[in-house]
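Just so you know, the sequences run in chain order X and U.
Read in order, the letters of the first sequence are residues 159 to 568 in the numbering used here.
Read in order, the letters of the second sequence are residues 63 to 321 in the numbering used here.
Only one structure is covered here, and it is reproduced in the block below.
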Amino acid sequence: MKRIVYREWLLQPQRYWGLLAILAAVIAIGGLSALYMEHHGHWVTGMTNSVVWGVPHVFAVFLIISASGALNVASIGTVFDKKVYKPLGRLSGLLAVALLIGGLLVLVLDLGRPDRLLVAMTTYNFSSIFAWNIFLYSGFAAIVIGYLWTMAERKGQYLQKPVGTFAFLWRLALTTGTGSIFGFLVGREAYDTAILAPLFVVMSFAYGLAIYMLVLFYAFDADGRPIGPAMLKRLKNLLGLFIAAILYFTLIYHLTKLYGAKNDGIETFLLISGGLYTGLFWVGWILIGGLLPLGIIYHPELSQRRDWITAACGMVIVGGLAAMYVIIIGSQAYPQEMFPGYNVIQFGAPGDIGGQVAPYSPSFPELLLGLGGVGIALLITAVGVRVLQFLPESLADRDVDPHASARSPA
Amino acid sequence: MNHETESMNQGRRDFLGAAAGVSAAAVAPGVFLHTPVANAAPRTDPVTDMHRWGLLVDTSKCADGCTACVDACDSENGLNLQAKPHGQDELKWENQRAVWIRKVKLQDNLTGHVTNLPLMCQHCEHPPCVDVCPTGASFKRADGIVMVDRHTCIGCRYCMMACPYKARSFIHEQVDHKLTRAPRGKGCVESCNLCAHRLDNGDISTACAEACSAEGHQALIFGDLKDPMGPLRKALAKTPSRQIRQDLGLNTGVRYAGI
């Protein structure tokens, strides 16, 4: 195997600054949206006392679990000793930190009192999985930065395996913790199940890898670096495996719920009668996020083409956002069942929702705040690859895989 | 001279007597009014677990269409001072304004029997809202009252996700008017605190139960779950009661008869 040479991203200055300007604008709009919601209060959003977490949480949770998944590529190289993945490791670490920061910012800016962040950082209740997550998230960022150092600095290379393994275990804990935010909620029918934790772990693998592949393709295309077909095949096959795992865990989640008669209501709602949520589940989560990209990835011809693989990655991301929308918002919109065997005729004043599906329509500021988080993640990545050596010069098969170069006539 | 001295002394006695009378009159109500509730600690002392405050709701006595408990809670805790933000939709605002107690009407799916009941924070012994709160702002007092410390609430709303009773409200809007006894601020979460301000001043009552009695319904009985001779325990001993979502094992402080 050749020695891997890393080089800063050599995009033409006009294009690079143009890209930064667009991202800065997206971030600025997101920031202004947060300011607007903070100034007026959450009444300007679609959120209510029934649907208390809205679109910002959809983006935040998606970004946070994707951060964990984006580190996957580095873990495969370091922890599982797949040498082919080693050149991909640095971008993997950078993207993981960037996505995490983006997600956390959205989460924090959607708090009722974001000015009390210091309270959250100094006052802990350790029976709360949320409090644990504060450590899991900040610890993740610190560990991955250390991990990046071991990858980039020759003096630190002997630490790469232990630090990489630690980061791998840490991110499993992180995604388990994020899934458990929902899984531990006993009072809501759609949650209260341990399977949400592993479901979130496999979701993180797929979403993180899909984002990683899109960023990699864009960055490499932009300054003309090659990606070999064998490398492409590895990445897309890995994505296929993760998508299949999501479908499997989704199936088990619903089978588990369907088995108990007490969950008939929520299952009917999510799978059949839930309107938008049912549509997002079948069309977004299952079809666009699962079956279609699987079809592309294992199609004999389409799977050879970069543009189709790119489309499959995009679909996984769209499907992932749909899945988050169903899990986070759909599950809140469904009424909490407090009185089994009874029909709730009246619940407080008209409009005060209980016993019936709660309305929720996201407001623009919420959406823009979420997109601002995506902008932050991409800006950090764009600046990172430009100023530091994160990207390998080539991912051509002969440069990364000794077997491929032995097979190739060159 | 003696006469003068005597008349002076008499004057002094009259003055002292009058002063003692005035003092006694001023102090007596405090002494006599507070003596029967000797267990009510002065406000400077921390609450203890000698009591566990709770409620029994007799749904058979809860009248259809009556909102006395809701109205009383609203004025007691300044919830009626909340103002709909300009331009907000009326129905959406009802789902955004803070509600501590609400009237719920249920119909049995099989028999068609209709039941009315007030629903508020159930003051669980093992409150899910307290478990999930990252900062510990959602807490349970030693006397069993579950409430929110508004100084450490960061407005994450995880407690609202966790509460099985939809008992909590988030303050969605700027608050212009509020009562000293019920502080309220944009971006924090709140819920029924069993009129803790009354209890802490030695008044063993809640606005909702008081209003229900005043209406003559007696559907709400407030008291100490730890006092076997108290009105709440006596009522609970006489009537079969259950907890809402009893399956969760939260051991609620609010019990219901007739559902």
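Cβ coordinates follow ideal geometry from the N, Cα and C atoms, glycine included.
Nothing here was measured: the structure is a model prediction, and the numbers come from that model.
Non-local beta-carbon contacts of X/Ser-521 in its own chain, meaning distances under 6 angstroms to residues more than five positions away in sequence, involve Thr-203, Gly-204 in chain order. Excluding sequence positions up to five before and after U/Ser-267, its CB lies within less than 8 angstroms of the CB of Cys-257, Arg-260, Phe-284, all in the same chain and listed in chain order.
Going by beta carbons, X/Gly-386 and X/Ala-554 fall inside the 7 angstroms limit. Close to X/Ser-285, with beta-carbon spacing below 7 angstroms, are these residues of chain U in chain order: Asp-193. Between X/Gly-531 and X/Leu-190, the CB-CB gap reaches or exceeds 7 angstroms. Under the three-state reduction of DSSP output, X/Met-473 falls in the helix class. X/Ala-348 sits buried, since 16 or more C-beta atoms from the chains shown fall within 10 Å of its C-beta.
For U/Leu-153, the chain X residues whose Cβ falls inside 8 angstroms of its Cβ are Pro-508, Gly-509, in order along the chain.
With respect to the C-alpha of X/Ile-487, the residue from X/Asn-291, X/Phe-340, X/Glu-166 having the closest C-alpha is X/Phe-340. Residues of chain U with a Cβ closer than 8 angstroms to the Cβ of X/Val-210 are, in chain order, Arg-219, Met-222, Met-223, Phe-232. Along the segment 266 to 295 of chain X, the beta strand (DSSP E) does not occur as any fully enclosed run of 3 or more residues.
The Cβ of X/Met-279 sits no closer than 7 angstroms to any Cβ of chain U. In the three-state reduction of the DSSP assignment, U/Trp-115 falls in the strand class, which pools E and B.
As DSSP reads the structure, U/Val-208 sits in a beta bridge with U/Lys-202.
The three-state reading of DSSP puts U/Thr-177 in strand, counting E and B together. Chain X has no Cβ within less than 7 angstroms of the Cβ of U/Asp-211. Fewer than three Cβ pairs drawn from the segment 508 to 516 of chain X and the segment 362 to 373 of chain X lie within less than 8 angstroms of each other, which leaves the two stretches out of contact. 7 angstroms or more divides the Cβ of X/Met-496 from the Cβ of X/Val-219.
Contact between X/Leu-397 and X/Val-476 fails: their C-beta atoms lie close to 14 angstroms from each other, not under 8 angstroms.
DSSP places X/Asn-501 in no alpha helix (DSSP H) but in the uninterrupted beta strand (DSSP E) bounded by 500 to 505. Contacts with chain U (Cβ-Cβ distance below 9 angstroms) from the segment 336 to 350 of chain X involve Ile-339, Phe-340, Phe-342, Leu-343, Val-344, Gly-345, Arg-346, Tyr-349, listed in chain order.
The continuous alpha helix (DSSP H) containing X/Arg-173 extends over residues 171 to 198. Rounded to the nearest whole angstrom, the C-alpha separation of U/Gln-144 and U/Lys-228 is 19 angstroms. Going by beta carbons, X/Gly-335 and X/Val-237 fall outside the 7 angstroms limit. Closest in C-alpha terms to X/Ser-362, from the list X/Leu-343, X/Leu-393, X/Phe-375, X/Ile-404, comes X/Ile-404. Between X/Val-216 and X/Leu-445, the beta carbon gap of about 19 angstroms keeps them out of contact (Cβ cut-off 8 angstroms). Here the segment 195 to 204 of chain U makes contact with the segment 280 to 294 of chain X; the two share three or more CB pairs at distances below 8 angstroms. With respect to the C-alpha of X/Ala-380, the residue from X/Ser-552, X/His-198, X/Ala-183, X/Glu-196 having the closest C-alpha is X/Ser-552. Runs of the alpha helix (DSSP H) lying entirely within the segment 485 to 556 of chain X and spanning at least 4 residues, in chain order: 522 to 545. Here U/Leu-141 is not near U/Arg-164, since their CB atoms are 7 angstroms or more apart.
The residues Gly-217, in chain order, have a CB closer than 6 angstroms to that of U/Gly-249 in the same chain once the five nearest residues on each side in sequence are set aside. DSSP places U/Asp-286 in the uninterrupted beta strand (DSSP E) bounded by 282 to 286. A Cβ-Cβ separation of about 5 angstroms places U/Val-208 in contact with U/His-185 under the 8 angstroms criterion. Your pair X/Ala-388 and X/Asp-559 checks out as a contact, with CB atoms roughly 6 angstroms apart and the cut at 8 angstroms. If you draw a straight line from the Cα of X/Ser-431 to the Cα of U/Pro-293, it comes to about 47 angstroms. Under the Cβ criterion of 7 angstroms, X/Ile-503 is counted among the residues facing chain U.
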